[in-house]
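Below: the structure, in structure tokens.
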Amino acid sequence: MGKNSEVIEREEVVIRFSGDSGDGMQLTGSLFSDTAALFGNDLLTFPDYPAEIRAPTGSVGGVSGYQVHVGHSEIYTPGDMTDILVAMNPAAIKANAKWIKPGGTIIYDQDNFTEKNIEKAGYESDPIKEENLEDYNIIAAPISSMVKEALKDFGLDPKSVLRTKNMFALGMVYWLFNSNLEYTEEYFVKKFQKSAGMAEANKVALRAGFYYAETIEALHTVYKILPAEIAKGTYRNICGNAATAWGFIAAAEKAGLQLFIGSYPITPATGILEELAARKDLGVISFQAEDEIAGICTALGASFSGRLAVTSTSGPGLALKSEAIGLAVMAELPLVIVDVQRGGPSTGLPTKTEQADLMQALFGRNGECPVVVIAASTPADCFHFAFEAARIALEHMTPVILLTDGYLANGTEPWRIPDMNDLPKINPPFADKGDIPFLPYKRDEIKLVRSWAIPGTPGLEHRIGGLEKTVKGTVSYVPENHEHMVNLRAEKVERVVNDIPDLVIKGDNSGDILLVGWGGKYGYLLTALNELQAEGHKVSLVNFNYINPLPKNVKDIFKGFKKIVVCELNLGQFANYLRMKHQEFTYDQINKVQGLPFTTKEIKDKCYKILEGI
Amino acid sequence: MAEIVTNKLTAKDYKSDQEVRWCPGCGDHAVLSSVQRAMAELDIPKEKFVFISGIGCSSRFPYYMDTYGFHSIHGRAAAIASGVKTANPELSVWQITGDGDALAIGGNHFIHVIRRNIDINLILFNNEIYGLTKGQFSPTSAKGLVTKTSPFGTIEEPFSVGELVIGAKGKFFARSVDTNIALSVQIYIEAAKHNGTSVIEVLQNCVIFNDGIHDNVTGKDVRDDRTVILKHGQPMIFGKESDKGLILDGLKLKVVQIGKGGITEKDILVHDAFEPNPGIQYMLANMSYPEYPVALGVIRSVPGPTYDRSVHEQIGAIKKTSKIRSMADLLASGSTWEVK
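Here the protein sequences come in this chain order: A and B.
For the first sequence, the residue numbers in our numbering are 1 to 614.
For the second sequence, the residue numbers in our numbering are 615 to 954.
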């Protein structure tokens with residue numbers, strides 16, 4: 001430790017790495033979070049990158065960020081404001097200035113603050129001055145020239161040398177947190193197996209940053225975050241897309257079925273297809289289709305063939321898949337559609353977050369076309385809800401839409417690895433010889449599900465399709481039959497309610513405000529809830545994961561509160577859905593549509609106003 | 615060896631109990647009958663047949679087959695069939711489609727199923743019209759055709775099915791006529807035996823909205839002179855008197871009269887359906903009346919690896935070498951840490 005440094009023990013710290021798309025900020029952030037997780041901190045990360053792979057160098061539009069929120073206690077969000085900003089160029093200051101906590105630390109690459117770059121970022125001369133950040137803890141480090149100096153004997157081309165800048169910066173941050181360099185150095189060896197020179201160069205740059213931070217006296221404080229007190233077990237870091245993919249593999253194993261994914265690449269859902277394409281060792285069939293429609297149609301074909309079939313997409317892709325979802329509803333085949341939501345409408349904000357696909361998921365099809373809709377709430381619980389989506393689809397012979405979002409998809413958190421023995425077995429209603437002659441739309445009395453007869457099975461030959469049918473599978477335009485079948489399909493989905501858990505309330509069963517959220521914004525609401533409760537307010541929280549059907553106990557919970565405040569990143573889609581399903585209550589709303597999550601402050605401020613009116 | 619007694623099925627065993635609802639006189643009846651006969655000839659258990667269709671008159675086909683069947687949505691049969699076959703390569707998958715379903719709304723899936731060479735058999739009923747929507751032009755309608763949506767004649771160029779198949783790297787293309795049951799049965803059997811996407815274009819008559827559209831080629835009186843039935847290894851001879859043939863004249867095919875100008879049977883091109891280079895087959899597939907006879911039979915049949923088998927082979931190979939054999943292995947793989 002530097003002699004003038006003061007060690008501050010902190011409950012939590014937020015750090016944001018920010019630079020050009022090509023500066024390697026995502027890698028830097030994930031190496032930092034892995035190191036923190038291995039040390040035992042709880043954390044949540046939030047990668048924030050532009051849709052352009054390489055936007056113009058130095059432009060504000062091209063800034064790529066990676067925020068990590070580390071803490072001693074449980075961490076629910078990637079944090080609103082950052083304590084430390086690592087800025088690789090002036091544009092990174094421009095993009096983040098208003099998100100730095102007053103008095104926070106800014107480490108920047110002085111060498112990159114050239115006149116040209118300053119101008120590109122929209123400043124006149126001094127970004128720090130122009131943003132009124134002079135009182136902050138500013139560390140101007142000549143990162144580019146330092147790595148050039150440190151690596152001068154490596155014989156690397158100048159481009160390769162400058163690529164290690166991010167590791168120099170990471171080295172400085174590691175010193176700040178008194179972190180162990182071991183994990184990162186091992187990573188270099190693995191990553192650069194074919195080039196020992198690059199592995200060594202990165203190691204030297206990392207250490208140079210670490211020692212530089214130790215040497216300069218500008219870093220007054222060193223953060224110390226004690227390991228989090230978390231449940232015993234084996235942990236790993238996981239992002240939402242990987243957790244989703246793994247949930248499906250687990251479900252396939254528990255159902256004894258081969259997993260099939262038919263998909264088309266789309267941001268931010270592609271990670272699910274990539275993860276599953278890599279899992280041939282577990283027998284996963286991945287079909288990268290020619291378009292979104294073929295993605296779902298190949299999956300539906302695989303479902304007809306008796307596989308656990310999934311398709312992954314984001315909002316625009318869900319729109320393209322609508323007709324095929326209708327076919328799956330009509331054919332009553334199991335199918336999971338994952339919609340990793342992003343900002344819309346149309347192409348919208350591909351890399352930003354929003355919860356505005358809810359109505360599309362619930363109702364975006366022709367005809368009376370009910371599907372089960374569920375939503376995950378954290379990166380790690382994507383595993384659980386992907387498993388649940390598959391379980392419900394298979395056991396209830398229905399399409400299920402699983403909603404996640406870009407934040408869950410790319411955000412990571414430590415996850416306690418489940419024991420596969422603790423997961424339930426999945427029992428699809430397979431038809432057997434006892435069902436000959438096979439009637440495709442004959443239903444069991446409890447769940448109203450039809451049996452699944454798999455091609456290749458002698459005696460169960462049958463025809464299904466998109467036209468309305470009788471129980472026998474004969475095409476029928478008889479008015480009464482159509483109404484009967486519409487009602488049966490609706491009732492079948494309604495009865496899924498008997499197979500899902502009750503809604504769980506955080507806080508007292510009665511009070512002034514019930515905060516209501518759904519899906520992936522849980523962490524932000526939970527943080528706001530904890531702070532409001534600590535201030536003595538009578539506030540509780542429910543977060544919905546099961547959207548259609550809604551859990552049975554909604555009414556029982558809602559009736560205990562004076563105000564029901566629905567918080568979501570759209571103009572009020574879930575609030576309106578609740579108005580339709582539970583008309584006996586009135587609803588207040590907190591909405592935001594900026595492609596960004598709520599801040600704790602936004603929720604709290606709105607709650608104060610509502611509390612004043614009670 | 616003990617004698618194997620098989621319950622040989624007949625065409626009748628492939629008829630479902632559904633009432634066939636196509637218009638009387640529609641070419642689809644003959645295609646259905648040909649397919650049922652071919653099924654009975656093939657050494658494939660009935661439960662392994664799967665018929666997938668999209669939307670259109672022909673797409674009602676699966677309802678009339680006593681096999682597994684899935685009547686899907688407009689244009690998507692190729693994608694659904696791709697999923698069925700890739701999920702289970704042991705099935706014999708047949709796609710039933712029309713010129714609108716396959717080449718307009720389903721054009722993208724059509725070229726991609728062919729490019730991947732998924733082992734399905736795709737019967738394309740080409741009547742050059744939209745029948746189910748009651749008479750609009752299709753992507754194969756001849757330029758100038760007057761229909762309900764082209765009251766002054768179409769101004770667009772039609773697709774040629776064979777050209778599109780070969781352009782999409784197709785390895786099997788055959789053409790038949792709805793009413794020629796013997797030829798059709800033979801082609802369906804060859805298609806079923808071919809490993810890879812087999813596209814069969816059937817010149818089919820829509821008795822209501824485009825009646826007689828193929829008559830100038832397939833009509834009883836003219837068909838011998840205006841079509842050539844290609845057989846692998848046989849010279850391309852046609853005509854009522856079997857006196858006409860095809861030769862290569864420079865870079866083009868040419869119709870010649872055998873016995874005239876010193877032309878003998880030996881000069882006539884011999885059909886090679888197995889030749890990987892599609893040059894001649896492409897020209898054959900594109901022949902049209904009046905300059906040429908229309909080619910029928912198996913025009914191209916080239917073996918190649920299929921997508922569906924390759925998927926499972928790759929899975930098998932990786933399973934052998936990977937240390938991850940179960941979900942529990944995967945969960946425990948990579949960087950993990952203990953909290954005690």
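Ideal placement from N, C-alpha and C gives every residue a C-beta, glycine not left out.
Taking 9 angstroms as the threshold (beta carbon to beta carbon), is P753/B in contact with chain A?
As a working note, residue 753/B is residue 139 in the second sequence. Chain A contact via Cβ: absent.
Skipping 5 residues on each side, what residues in its chain have a beta carbon closer than 8 angstroms to that of E185/A?
Locating residue 185/A in the first sequence gives position 185, where the first residue counts as 1. Excluding positions up to five away in sequence, the list reads K203 and L206.
What residues of chain B sit near W175/A, judged by a beta carbon separation below 9 angstroms?
For this step, residue 175/A is matched to residue 175 along the first sequence. Result: empty, since nearest Cβ-Cβ is about 22 angstroms, beyond 9 angstroms.
Could you pull out every residue in the same chain whose Cβ sits closer than 7 angstroms to the Cβ of I138/A, ignoring the five residues on either side in sequence?
Position 138 of the first sequence, counted from the first residue, corresponds to residue 138/A. If we look at I138/A and ignore the five residues flanking it on each side, its Cβ neighbours are I106 and I128.
Within 9 angstroms (strictly less), CB to CB, does F787/B reach chain A?
Taking the second sequence and counting its residues from 1, the one referred to as residue 787/B is at position 173. Closer than 9 angstroms: no.
Proximity to I956/B [Cα-Cα], best of S936/B, I666/B and A887/B
With chain B covering only 615 through 954, there is no way to say anything about residue 956/B.
Own chain partners of A490/A with C-beta closer than 6 angstroms, once the 5 adjacent residues on each side are dropped:
The count along the first sequence starts at 1 and reaches residue 490/A at position 490. Around A490/A: P370.
What's the call for R789/B, buried or exposed, on a 16-neighbour Cβ count within 10 Å?
For the purposes of this step, residue 789/B is taken as the residue at position 175 of the second sequence. With 16 or more other Cβ atoms within 10 Å, it is buried.
Below 8 angstroms CB to CB, which residues in the same chain sit around T347/A once its five sequence neighbours on both sides are set aside?
Your numbering for residue 347/A matches position 347 in the first sequence. Only P316 meet the Cβ criterion.
So with Cβ pairs under 9 angstroms, would you call Q258/A a contact of chain B?
Sequence index remark: in the first sequence, residue 258/A carries index 258 (1-based). Chain B, which has a Cβ nearer than 9 angstroms to the Cβ of Q258/A, makes this yes.
Candidates A245/A, F430/A and D419/A, of which the one nearest L333/A by Cα:
Reading the first sequence from its first residue, position 333 is the one you call residue 333/A. When only C-alpha atoms are compared, the closest one is F430/A.
Following the continuous alpha helix (DSSP H) through W175/A, name the residue where it begins and the one where it ends.
Your numbering for residue 175/A matches position 175 in the first sequence. It spans K165 to L176 - the alpha helix (DSSP H) in which W175/A sits, taken as one unbroken run.
Could you tell me whether the Cβ of W452/A comes closer than 9 angstroms to any Cβ of chain B?
Within the first sequence, numbered from 1, the residue matching residue 452/A stands at position 452. Judged by the 9 angstroms Cβ criterion, W452/A is not in contact with chain B.
Beta-carbon neighbours of E927/B, restricted to chain A and to distances below 8 angstroms:
In the second sequence, residue 927/B corresponds to position 313, counting from 1. The contacting residues do not exist; E927/B stays about 10 angstroms from chain A at best.
Excluding five sequence neighbours on each side, which residues of the same chain lie with their C-beta closer than 8 angstroms to the C-beta of A324/A?
Translated into positions along the first sequence, residue 324/A becomes position 324. Excluding positions up to five away in sequence, the list reads I293, I296, C297 and L300.
Which of helix, strand or coil does DSSP assign to H685/B?
Here the question's residue 685/B lines up with position 71 in the second sequence. Reduced to three states, the DSSP call for H685/B is strand.
Answer yes or no: does any C-beta atom of chain A fall closer than 9 angstroms to that of P676/B?
As a working note, residue 676/B is residue 62 in the second sequence. At least one chain A Cβ lies under 9 angstroms of P676/B.
Span of the alpha helix (DSSP H) around R16/A:
One-based indexing of the first sequence puts residue 16/A at position 16. It is not in any alpha helix (DSSP H) - R16/A instead sits in the beta strand (DSSP E) that spans E12 to D20.
C-alpha distance - F113/A paired with N89/A, whole-angstrom precision
For the purposes of this step, residue 113/A is identified with residue 113 of the first sequence, where counting begins at 1. For the purposes of this step, residue 89/A is identified with residue 89 of the first sequence, where counting begins at 1. Those two C-alpha atoms are separated by around 6 angstroms.
Considering only residues of the segment 454-508 of chain A, which uninterrupted beta strand (DSSP E) runs meet the minimum length of 3 residues and lie entirely inside it, listed in chain order?
463-465
Using DSSP's beta-bridge definition, name the partner residues of N553/A.
Locating residue 553/A in the first sequence gives position 553, where the first residue counts as 1. Bridge partners of N553/A: none, in fact.
Counting only Cβ-Cβ distances shorter than 9 angstroms, please list the residues of the segment 289-321 of chain A near chain B, keeping chain order.
A289, E290, D291, I293, A294, G295, I296, C297, T298, A299, L300, G301, A302, S303, F304, S305, G306, R307 and A309
Span of the beta strand (DSSP E) holding A140/A?
Within the first sequence, residue 140/A is the residue found at index 140, counting from 1. Segment N137 to A141, the beta strand (DSSP E) holding A140/A.
If I'm right that A92/A touches S18/A with Cβ under 8 angstroms, what's the distance once you round it to whole angstroms?
Working through the first sequence from its first residue, we reach residue 92/A at position 92. Working through the first sequence from its first residue, we reach residue 18/A at position 18. Going by Cβ atoms, the distance from A92/A to S18/A rounds to 4 angstroms, so yes, they are a contact pair.
Find the residues of chain B that neighbour M25/A, judging by a C-beta separation of less than 7 angstroms, and give them in chain order.
Indexing the first sequence from 1 puts residue 25/A at position 25. Ordered by position in chain B, no residue passes the 7 angstroms Cβ test against M25/A, which lies about 20 angstroms from the chain.
Can you tell me whether Q533/A is helix, strand or coil according to DSSP?
In the first sequence, the residue the question calls residue 533/A occupies position 533. Helix.
What residue range is occupied by the uninterrupted beta strand (DSSP E) comprising N735/B?
Sequence index remark: in the second sequence, residue 735/B carries index 121 (1-based). Unbroken beta strand (DSSP E) run through N735/B: I734 to N740.
Residue(s) in a DSSP beta bridge with G517/A:
Here residue 517/A corresponds to residue number 517 of the first sequence, with the count starting at 1. G517/A is bridged to N543/A.
C-alpha gap between A616/B and I803/B, whole angstroms
In the second sequence, the residue the question calls residue 616/B occupies position 2. In the second sequence, the residue the question calls residue 803/B occupies position 189. Confidence is the limiting factor: at A616/B the pLDDT is only 48, short of 50, which leaves the residue's position unreliable, though a coordinate-based value still follows. Roughly 28 angstroms separates the two Cα atoms.
Name, please, each residue of chain A whose Cβ falls closer than 8 angstroms to the Cβ of N735/B.
Within the second sequence, the letter at position 121 stands for residue 735/B. Within chain A, no residue comes near N735/B; the closest Cβ sits about 15 angstroms away, beyond 8 angstroms.
Specify, as a first and last residue, the run of the alpha helix (DSSP H) that L394/A falls within.
In the first sequence, counting from the first residue as 1, residue 394/A sits at position 394. It spans C382 to H396 - the alpha helix (DSSP H) in which L394/A sits, taken as one unbroken run.
Got a sec, what are the start and stop residues for the alpha helix (DSSP H) C607/A sits in?
Position 607 of the first sequence, counted from the first residue, corresponds to residue 607/A. Looking at the DSSP string, the run of the alpha helix (DSSP H) that includes C607/A is T600 to G613.
Within 9 angstroms of any Cβ in chain A, is that where the Cβ of A695/B sits?
In the second sequence, the residue the question calls residue 695/B occupies position 81. For A695/B, the answer is yes, since a Cβ of chain A falls inside 9 angstroms of its Cβ.
In the DSSP output, which residue or residues are listed as bridge partners for C820/B?
For the purposes of this step, residue 820/B is taken as residue 206 along the second sequence, with counting starting at 1. Paired residues: none, contrary to the question.
3-residue-minimum beta strand (DSSP E) runs that sit fully inside the segment 252-285 of chain A, ordered along the chain
259-263
Could you tell me the alpha carbon to alpha carbon distance between G517/A and W175/A, rounded to whole angstroms?
Against the first sequence, residue 517/A aligns to sequence position 517. Against the first sequence, residue 175/A aligns to sequence position 175. Near 39 angstroms, if we compare the C-alpha coordinates of W175/A and G517/A.
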